[in-house]
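In the numbering used here, the protein residues as written are 6 to 356.
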């Protein structure tokens, strides 16, 4: 009887466990079903968001694509310039200029050059170059260099290149439209070549003074009888040795001949002062000295050099005098005009 009761108790317990297990399984299944529904709903929302983003990306190009297009456009920019500046006896023609963007954000500006030496002696191209441009109210500058520093033979020309790097911090506001290339050192009558329509060109190319070339004056009084003829005259922005002058100054160069028709020697004033020049503003200056002072009786002396340091604003009318003496003295006078350099058409093919 005791064994029967125990068996019945065990059977009852097992039945209760089975009932309890079925109840828990059903509950877990319901929870899994709810979780699955939530996951499915979440996936649908994610897919919808991805589709919306893809549709937006297709409709509007990315900023990266825009930037790439801008860089490609800048890299292709190249301009034909065809303007010429002058420094220390050499002509500098800027043939073409181009911009090349760099990966670090900087900008390389290259200028293809033609260096021409019209003189009878070898010359070296200058080492100083600078790029200037406006960005709003500010002026920026970047130094440059010539890739070749070769000498230019007499009466010859060479090609070369000038390279300038615009730093990344300044490249964003850079434009060739307002850029100017300085040839020479700033503050020393550097040539300025405009690389775009907004810039101003100051060529510094020497200007022949046609009014004076071949002009004569008879210096005659008492024992002086000299015919003085101007054989060549020009305005330039370098001194007698072609060294560029400080800003604000120019040089008028004269080459002349003295034909002494008397029997006695005649001379120009010692040191300087034999020549005098009245400028358009009314100021007068004396010559910088002469290469040959005297001419003996009956002698003709040619290729005598002198010159004047004048104001850089050279345009206008001038009066020039020269005095020669022996016991007495005689004075001759010349008048001439200098035109606006910006209105002249320089033909460098003759040099």
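By construction, the Cβ of each residue, glycine as well, lies at the ideal position given by its N, Cα and C atoms.
Under the three-state reduction of DSSP, residue 124 is assigned to coil, being neither helix nor strand. Considering only 197, 136, 195 and 198, the residue with the shortest C-alpha distance to residue 175 is 136.
Just measuring C-alpha positions, the residue of 111, 185 and 248 sitting nearest residue 170 is 111. Judged by DSSP secondary structure, residue 174 falls outside any beta strand (DSSP E) and instead within the alpha helix (DSSP H) spanning 173-176. In the DSSP assignment, the residues bridged to residue 231 are 224 and 265. By the neighbour-count definition (other C-beta atoms within 10 Å, threshold 16), residue 173 is an exposed residue.
Excluding sequence positions up to five before and after residue 317, its CB lies within less than 6 angstroms of the CB of 253, 254 and 255, all in the same chain and listed in chain order.
In the displayed model, residue 182 falls within a helix according to three-state DSSP. Taken through DSSP and simplified to helix, strand or coil, residue 82 comes out as coil.
Counting the other Cβ atoms within 10 Å of the Cβ of residue 90 gives 16 or more, which makes it buried. Going by DSSP, residue 139 is part of the beta strand (DSSP E) stretching over 134-140.
Sequence-distant Cβ neighbours of residue 237 in its own chain, meaning closer than 7 angstroms and more than five residues away, are 218 and 260.
Under the 8 angstroms Cβ criterion, the segment 177-191 counts as touching the segment 199-213, having at least three qualifying pairs.
Secondary structure note for residue 326: its beta strand (DSSP E) is the uninterrupted segment 321-330.
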